[in-house]
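Numbering (the working numbering), first residue to last: 1 to 195. Input: a single structure, listed below in structure tokens.
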């Protein structure tokens with residue numbers, strides 16, 4: 001799942017949106033030195049990613065992507081699933097999507113973060129990433145932007161062709177997976193808060 005889904009899951013579970021963001025930046029055991037809210041957000045982000053990977057493996061979702069780039073299917077699915085969450089927003093949230101996005105930006109801008117997370121927040125808000133995830137024509141652009149951040153040059157935007165070809169099947173995967181993921185996340189938060 002990409003940022004929109006992680007932030008939505010944070011809202012559903014009553015956890016930190018900035019902690020959900022930090023899940024992409026805090027590695028190893030560095031989370032242990034942070035505030036409890038951020039710790040829970042980071043650990044939940046990791047659990048969400050792990051659960052998603054396991055379920056997509058069971059669904060064999062990577063098979064919908066052509067062999068040369070199949071190993072990057074998780075990235076393409078993260079991007080496409082954020083688009084699908086945006087498209088099906090009313091199925092999963094009673095809050096207006098634009099209001100939710102503004103709330104996310106406000107929470108992130110108020111978080112006392114530095115370095116790469118702060119840089120990401122600045123660009124996310126400035127370019128309105130969360131709204132752009134809901135625009136089909138932006139999928140290829142988003143994949144291209146992500147590819148620039150990889151260590152090796154990879155043309156992830158080529159995976160948009162696979163998304164176009166198998167979009168309906170991948171959408172069915174998302175609609176099956178996301179309700180399960182929300183239930184799983186709520187269960188995990190209960191466990192994380194107790195420990």
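Where a beta carbon is used, it is the ideal one built from N, C-alpha and C, also for glycine. Just so it is clear, the structure is predicted and the values come from calculations on it, not from any experiment.
In terms of Cα proximity to residue 114, the closest of 26, 10 and 130 is 26.
Taken atom to atom, the span from the alpha-carbon of residue 31 to that of residue 184 is near 21 Å.
Judged by DSSP secondary structure, residue 131 falls within the alpha helix (DSSP H) whose first and last residues are 129–132. Ranked by Cα distance from residue 38, the first of 29, 20 and 24 is 20.
In the three-state reduction of the DSSP assignment, residue 48 falls in the helix class, which pools H, G and I. Between the C-alpha atoms of residue 169 and residue 33 there is a straight-line separation of about 42 Å. Here the alpha carbon of residue 72 sits roughly 8 Å from the alpha carbon of residue 156. Nearest neighbour of residue 181 by Cα position, chosen from 74, 92, 166 and 139, turns out to be 92. Annotation for residue 11: the continuous alpha helix (DSSP H) segment containing it runs 3–13.
For residue 114, the secondary structure class from DSSP, reduced to helix, strand or coil, is coil. The distance from the Cβ of residue 143 to that of residue 61 is about 16 Å, inconsistent with a contact at the 8 Å cut-off. Judged by their CB atoms, residue 8 and residue 84 are not nearer to each other than the 8 Å cut-off. Rounded to the nearest whole angstrom, the CA to CA distance from residue 16 to residue 179 is 20 Å.
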